[in-house]
Every structure is written in structure tokens, then in C-alpha cells.
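K.L.:
Residue numbers (the working numbering), protein chains in the order written: chain B, 1 to 325; chain F, 1 to 252; chain S, 1 to 292.
Before I ask anything, here is the structure I am working with.
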Amino acid sequence: MPQRAALVLVALCALLPLALQTIGERQVYWLFVVSEFFVFAIVAVSLDLLMGRTGQISLGHAGFVALGAYSAAILNQRFGLDLLAGMVVGGVLAGVASLVLGFPATRLRGHYLGIVTLGFGIAVDQIALKWDSLTGGDQGIHLHRPMLLGLDVGTPVRMYYVALIALVVTALLVYCLGQTRIGRAFAAIKDSEIAAAAMGVPVARTKVLAFICSAFLAGAAGAIYAFLAGFVAPENFGIESSLLFFAMVVVGGMGSIGGAIGGAVVVDAVKNAAATVSGLSLAILGGMIVLVVLFFPGGLKALLQRRRRAAAPVSGLDGVARQDA
Amino acid sequence: MTVRFGGLTAVHDLDLDVPDRGIFALVGPNGAGKTTLINALSRVCRQVEGSIRLDGVDVLSLAPHQAVRAGIARSFQRAELFPTLTVLENLLVGLHSAMRTGLSGALMTPAARAEEKAARQRAERVLRELDLWELRGAAPGDLPYGHQKLLDVARALVSAPKLLLLDEPFAGLTDAETPRLLDCISAAGKRCAVLMIEHHCELLEGVAERMTVIDFGRKVAEGAPAAMRDDPEVVRCYLGTGRERATAEAAC
Amino acid sequence: MTQYLLQIALAGLAQGSLFALTALGLVMIYNASSVVNFAHGAMGMAATYVAYVLIEEVGVPFPLAFAAALAAAFVLGVVVQTLFLARLRNAPLMSQVVVTLGLFMLIQGLVGLAFGYNPRRMTESISLAPVILGGLVLRPQDVLELALLVVLGIALAAFFAATKIGLGMRAITENRYAARLMGIPVGRLLAAAWGAGVMLSAVVAVLAAPTTSVTPNMMDTIVVYGFVAAILGGFGSMWGALVGGLLLGIVVNMIDAFVAPELAMSIVFGLLILVLYVKPDGLLGRATVQKV
């Protein structure tokens, strides 16, 4: 995604709360919806790092989000942990937990990994429900008012900016990673493990690293979500959530940060719009995924790139557009 | 350098000695074990009996990704490039072992940026030598096949290996594309040892200083290409090559 | 105590039959087309709704409705294979996984839209009283499931070994290109394999309906266990799927009885990861080598 467009979008997002002030009371709802979208976008970017960039299927990503959310929630409820510390703890815990998946991932073929990650997501969900002495079971956990380094960020507007800044930072980190040695190694593994190894990439270790990075970001996002919603319960982190994140990455276009965020916009919009009719959002998202795979393999991102390329024809190999942010 | 095999079903007790510099060809009919040899040397193939030593290092103790650091780099029969990355980035992956930036790359620390800059300069130098520099931002999939094979070799060269393994580098190239790759390989032969599998025996005469013929995994003949022309085994190789080429062309 | 254990084992075998039948369908589809059908459960569920509608709203007798469901399942399998999967023949593995997942969401969503998520009751297929044999309680339902597994298992084995279609399917598995060159109608056999695979899923769903009720996510748990069973069996061997399923059924029932039913899946996956760490190709699988 060209840098200028990205800057404009960030600026617009930064100004949105001001615009929302005009609608009075309803702004609280919308601030929450967009903040929640920012958090989902972080998860989508993290999943794209794993699936789109490194080629590792993950059908249980909500599990990492849950781990981050619950660790932040538990520590906040009992010890008053603040938002930043919650993010770090959540991220680290999720990262460590990802080793459970990372090591098998190095040995498993694609669809085995998919099923194992599915199981991981289900397992986290079940354990969260069952271990009610720690997690509050289906009652969930309520968090205290969020604090960030001594500052009270408990208002909708302040949490909005926290989520926005977190998303921007995440996007920058992942982008920079993609431009350097490790990011290239991830892509090499996806394209050809054998060639990557021949070039000196320690494939197994690097796959595990991809899992850890992806899980860390998802866990940190989970922590933000916990503070944002003020409440965590197992129903937010089940298989349906994992499938939503999966849809975001697929629909947006795999291997692209902008794609993941764009996919998050579409999927979140569909989810919210169709929330009242049971089954509708699932059907629409499923249909979208099928259409994307069959007819628009690059997802939304490729669609937009095609239109841009058609509008401004490019001559010579030098100008061949390639996947960046 | 001494390279010795034994016990592989594809390669039987093959004894091979490769000096520091120069181009050495490995020739033989399909299925003779040539690619297996390269796979063993680059550690793609793990079940090898016997010993392979490179500058005193036991190659067989290495994992596949450690081969580059030991000085062994290779190209592939079908190029095996990374289509997601640009031409330049493909080369930069070849420098993975030479670099140390880890996750600090995401933070763009001064050390990371310095290392990245140095690596890019190194890779761009190789591209310039091969006249590929203008294409550095292109997607490998968009390049003509001749360029792709050149890129495959360039990627192996960027790590300044001691031993360069080339698996049929000229396969699939047109007559127009061949000279460029030939020059590249000749130049490489002055800096390191190049072990090349090739069917196109005519090309080898001008380039390779020594040719080893293997069949059914055994060494069958060895010597300078010009002197080997009348060797009956080599004649079989020429004839075999002709028939294989004809079949390959018919199948395409 | 042994009485208790035997009872659990029996229940385990019965439930395991469902897992095994699901796994058999998955493996059949995978063997023919190299695709893991993540929509397997949903497709069987959709066919069950056909039976449900016929029984409860049209008043069709059970055997006829069951047959109709099987037919619907077969058609669904054929349609999915020819309309969706055939186009992706040369696409990377990820695309195939993604498309079946998308289909899972689509099918489950559509059924949910049409019928809602409220559980529906479908009248028991067998309404006989349980039999007491040697101190063990035998539910006719369980016996039926086991019997069906045995019958279908033998039938499938014979089918693949002896009939022309079966041999053709095995040829496709070995080498699709060569099979096509030899005049085997690959497209039609692929469609048939999918149809048959989905039919097996429908059988499982109808058998499970009295326990799970008819809802859009009725097959979710069973199909996940079906995956696990298929993996344990090596995801290629029909016998592996069968044994894996039965074994898994017993393990799950043991966990239900001695640990906690709500943690069954978590523990199963923990065990699966351990198994796969030691044997990455499943308990009974054969290692596959990649050619460079």
C-alpha cells in the first residue's frame, strides 16, 4: 500500500473521534466498534504474517488472542496490572504457548497443521470454560478501569487512540520485518523450503519464530481487547472468531499488511451488519472466501492493484509492482 | 578437497577429488546419480555413507542450512526461485547465513540498517557483474527462463562459496541465452570450484577442464573433455544426450 | 470395575464407529483428490436436514427419507467437486484448504439462515428398548452403528479391491496423469469419490441426530474427531481410519468417564500432538518423500 495513502488513512482515523462528536451519545457505540476493528486488524496482520507470509496454516488463532486477553484480565483483576504491562504479558504468554504449535508445525504437512491448530483453538476455549477458578468460567472476568503508565485511559476516545496507535505500530513493525533478513526468510520458506534451506535459512527454527511473532502480536491484541471491552468471556474467542480472522486474511489478500487490514474492514463490517440474523454473516463470509479463492486469488488487494495497473499502464520490467505493505 | 561417497544406492563408492578452482563437469545418462550427488553435497539428501570433506570440514555432519556457511552453494534443475520476493531480495536470501539481524530488523536499529545496507551492496555488485542490475526490482516470475536460471546461479554466487554446485544450468535455455550463463560460470570458475552437471557435452569442451562420466552411480571415465571425445563411454553419453534431448524436446 | 470398563469400551466402540465412518469418508475423498474436506461435517449435516424436512414436514417414512438424504449427499459431493474443486486442480494446497473451509462456513450459514439454530428433534431411527446382555447394557443404536461400520468397511474394502470403479479410483490415487492416459474417466471418478465420501458423512449425521439433535453445528464435534481419527490412521489408509476411529472413540469415552467431558477435545489434541511428534505421519501412516 503506497505510503501516502496509508498516511492519509491514519490521519482520517485520528480525526474520526472529532467527527463523531457531532452525533452525541451514539458516538460511544461507534468508537467502540472502530476500536474493536483496530484490534481485529492487529490480529489479522499477525495471522497474515504466519499464513500469508510464511505459509503456515492456522485455524485456531483466536486461541492466542484468548491467551493474551485472559492473562491481561486475570492479572488486572487481581493485581491491577496496567494496559502496557498487560499487552507485554499477554504477548509473551501467547508467544510461549505458540511453541506448542510451532514445533509440530516444523514436521507436519499443511492440512495436518490446519487440524492441529484447529484443535489448539478449541482446547484454549474449552480450558478457559472449564478452569473457572482461574478464568471465571462462562461468567468471565471483569477488568478494572484501564491505566496506561499512570494515565487513565478509561474513556472511549482514549482507548480508541490506544488501539489505533497499537495498530499503526504493529503495521510498521511487520512492514520493517518484511524488508529485512527474517521477513525474507519467512517468504523464502513459503515459496520453497528446499531452496530456502540451501540458501542457509534454518527452516524449522524460522517457522517456530514465525509462530512466536504471530502469536505475540495476537496475544498483545487480545490484551488490548480485554481492556477495551472491560470484560472477557470464552464465547468471544471460539472457533467462530478463528474463522473470522481466517476470512480477513483470505479476503484481503494473503501476504500483504494492507490486505489483512482491508480484509478486516470487510469482514468486520459484514459481521456487524449481519449480526442480528443468525447464519447470515457466516454464509456471506463463506461465500466471499469461496469466490476469492476461485476467481480473485489475490483477494481484495490484488483486485485493487489490477485496477491501479489498468489505470496507469507500466512499461518495462523495472516497474513491475510487487507485494509490499 | 577430497570428496568420497559409498553405500548410497544411487551412488556406489564414488570417489571424487575436486581442486580449489576450476570447472568440473559431471556427465552421465539420466538416473546415473548426478542430482543425487549434488543433493548429498548440499545436504538435501541426508542418508549418505562414507565421507565428504571440504577444507577439513566433514560435510556430512552438516544440516542442509549449514552447507552455505561451510562454503557450499547450489543452483537447481528448475531454478526454485522465490516468486514472492524481488530479484534483489532473492539474492539477499542467499546472504542469510552471512547476516545476523534477527527480529531487531523490525525495529530498524542502526546495526540492522548498516548490515542490510552492506548486504544490499554486495548483492547489487553480483547483479551488476551479471548485467541483471536493472531487473533488481522485478518479480522472478516475470523474467524469461534464461534470466531465471542466471538468477538462480547468481543467488548461489552471492555467498562467495568455495564449492558451487550447478544442476543442469543450461537445461531449457535457448541458444541466445546460453553465452551469458557460460560467461558467468567461466568467471565463477576462476574464483572457486564449480561442479556442474550437464548433458550438453559440446558446451563443456570450451569450459570444463575436467569431465567425469558416471553411470549407475559409478565413475566410468574421467579426463579432459577434448581427450574424452573418443572414449566409448563418452560417446554413449553424446548419443544418449542426443536422444534425450530429442525426447525432451518432443515432450515439451 | 471390569463391568464398568467394558461398558465404557462398548460406548467407545459405538461412538468410535461414527468417528471411523467420518474418517473413512474423509480419507476416501483425500485419496482420490488429495483434498482434505473441511466441509465434510457440514455437508453431511445439510443432507440430514433433507431427511428431517421429509420426515417431519412431509411425513415420509424414515427409510425413504434416509435414502433421499443419501442421494442428496451424493449430489452435493458431486456438485462441490465439479464446481469448486475441479477448478483448483493445479492450485497450491492452501487454496484447497481455504475453499473447503469457505464452503463449510457457507453451507453452515445457509442452513442456519434457512432453519435457524434451534435444535430440532428427529424421531429415533430405532425405537427399541436397550438389551441387557451379560450385565452390559446394549443400546440398539450403538449396535446399529457398529454393525454399519463393519458392513460398510467390508463393502468398501471389497469395492476398492475388486470392482472396476474401485480399481480406477485407486489408480487415480497412485498417478492421476497415468490414469488419465489409460482412459480412466478421472473427472467422473473424482466426482463419484466425493459423492460417496459425503454419503458416508450423511450416514454418520443421521445416526448421530438423535443424540445431537438436528442443528447446523451438529457435526462439528464429530467431524473434528473424524479428522483426528484419519490423522491417527495416517490419512491415506482406510483401515487406518477405521482403527483410528474406534481407538479414538474408546479414548474419548475414557476421558469422559474419568476426567471431564468438557476437556475431552483438549486432551485428545494434546495426545495428537504427542503422537505426531513421534510419528509425523500418524500411527499407521507411511512417510512421504519430496522430490527435488
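By construction, the Cβ of each residue, glycine as well, lies at the ideal position given by its N, Cα and C atoms.
1. Could you tell me the boundaries of the beta strand (DSSP E) in which residue 221 of chain F lies?
2. With a threshold of 16 other CB atoms inside 10 Å of the CB of residue 177 of chain S, please say whether the residue is buried or exposed.
3. With a threshold of 16 other CB atoms inside 10 Å of the CB of residue 218 of chain S, please say whether the residue is buried or exposed.
4. Buried or exposed: which applies to residue 193 of chain B, given that a residue is buried once 16 or more other Cβ atoms fall within 10 Å of its Cβ?
5. Taking 8 Å as the threshold, find out whether the region 31 to 45 of chain F comes into contact with the region 145 to 154 of chain B through three or more Cβ pairs.
6. Measure the Cβ-Cβ separation of residue 239 of chain B and residue 101 of chain S and say whether it is below 9 Å.
7. Can you grab the Cα-Cα spacing for the pair residue 323 of chain B / residue 256 of chain B, in whole Å?
8. Identify, in the order they occur along the chain, each residue of the same chain with its Cβ nearer than 8 Å to the Cβ of residue 179 of chain S, setting aside the five sequence neighbours on each side.
9. Which value, in whole angstroms, describes the spacing of the CA atoms of residue 49 of chain S and residue 80 of chain S?
10. Within its chain, find whatever has a CB closer than 6 Å to the CB of residue 199 of chain S; leave out the 5 residues flanking it on each side and keep chain order.
11. Mind pulling the chain F residues with CB within less than 9 Å of residue 274 of chain B?
12. Is there a Cβ from chain B that is less than 9 Å from the Cβ of residue 119 of chain F?
13. Locate the beta strand (DSSP E) running through residue 184 of chain S, then write down its first and last residues.
14. With a cut-off of 9 Å, does the C-beta of residue 225 of chain F fall near any C-beta of chain B?
15. Does the beta carbon of residue 55 of chain F come closer than 9 Å to any beta carbon on chain B?
16. Please report the straight-line C-alpha distance between residue 246 of chain B and residue 207 of chain F, rounded to a whole angstrom.
17. Hey, how far is the Cα of residue 223 of chain F from the Cα of residue 252 of chain B?
18. Which same chain residues end up closer than 6 Å to residue 190 of chain S when comparing Cβ atoms and leaving out the 5 residues on each side of it in sequence?
19. Can you give me, in chain order, the residues of the region 226 to 258 of chain B that have a beta carbon less than 8 Å from any beta carbon in chain F?
20. Could you tell me if residue 314 of chain B is buried or exposed, where buried requires 16 or more neighbouring beta carbons within 10 angstroms of its beta carbon?
21. Start and end of the alpha helix (DSSP H) containing residue 203 of chain B?
22. In angstroms with no decimal places, state the Cα-to-Cα distance between residue 95 of chain F and residue 76 of chain B.
23. Evaluate the contact criterion for the region 129 to 149 of chain B versus the region 219 to 239 of chain B: three or more CB pairs, one atom per stretch, below 8 Å.
24. Looking at chain B, is there any beta carbon in it that lies within less than 9 Å of the beta carbon of residue 93 of chain F?
25. Evaluate residue 4 of chain S with the Cβ neighbour count: other Cβ atoms within 10 Å of its Cβ, from every protein chain shown; 16 or more gives buried, anything less gives exposed.
26. If you draw a straight line from the C-alpha of residue 206 of chain S to the C-alpha of residue 18 of chain S, how long is it?
27. Distance cutoff 9 Å, beta carbons only. Does residue 164 of chain F sit that close to anything in chain B?
28. Verify whether the separation of the beta carbon atoms of residue 202 of chain B and residue 67 of chain F is less than 9 Å.
29. Let me confirm a value: residue 155 of chain F is counted as buried when at least 16 other C-beta atoms fall within 10 Å, else exposed. Which label applies?
30. When the distance is taken between beta carbons, is residue 91 of chain F closer than 9 Å to residue 194 of chain F?
31. Using beta-carbon positions only, say whether residue 191 of chain B and residue 147 of chain B come within less than 9 Å of one another.
32. How would you write the range of the beta strand (DSSP E) that residue 25 of chain F sits in, first residue to last?
33. From which residue to which residue does the beta strand (DSSP E) around residue 143 of chain F run?
34. Please identify the residue among S/14, S/12, S/38, S/11 whose C-alpha is closest to the C-alpha of residue 230 of chain S.
35. Within 10 Å of its beta-carbon, does residue 170 of chain B have 16 or more other beta-carbons around it, so buried, or fewer, so exposed?
36. Mind checking if residue 123 of chain B is an interface residue toward chain S, Cβ cutoff 9 Å exclusive?
P.N.:
The short version:
1. 218 to 223
2. exposed
3. buried
4. buried
5. no
6. no
7. The predicted position of residue 323 of chain B is uncertain, since its pLDDT is 37 and thus under 50; no value can be drawn from it.
8. 168, 171, 172, 186
9. 18 Å
10. 70, 73, 74
11. Correct list: empty, because the minimum Cβ distance to chain F is about 34 Å.
12. yes
13. From DSSP, residue 184 of chain S is part of no beta strand (DSSP E); its letter is neither H nor E.
14. no
15. no
16. 53 Å
17. 59 Å
18. 32, 33, 81
19. 255
20. Confidence at residue 314 of chain B is low in this model, with a pLDDT of 45, below 50, so the placement of that residue should be treated as unreliable; the coordinate-derived value is given next. Label assigned to residue 314 of chain B: exposed.
21. 203 to 229
22. 45 Å
23. yes
24. yes
25. exposed
26. 10 Å
27. no
28. no
29. buried
30. no
31. no
32. 22 to 27
33. From DSSP, residue 143 of chain F is part of no beta strand (DSSP E); its letter is neither H nor E.
34. S/38
35. buried
36. yes
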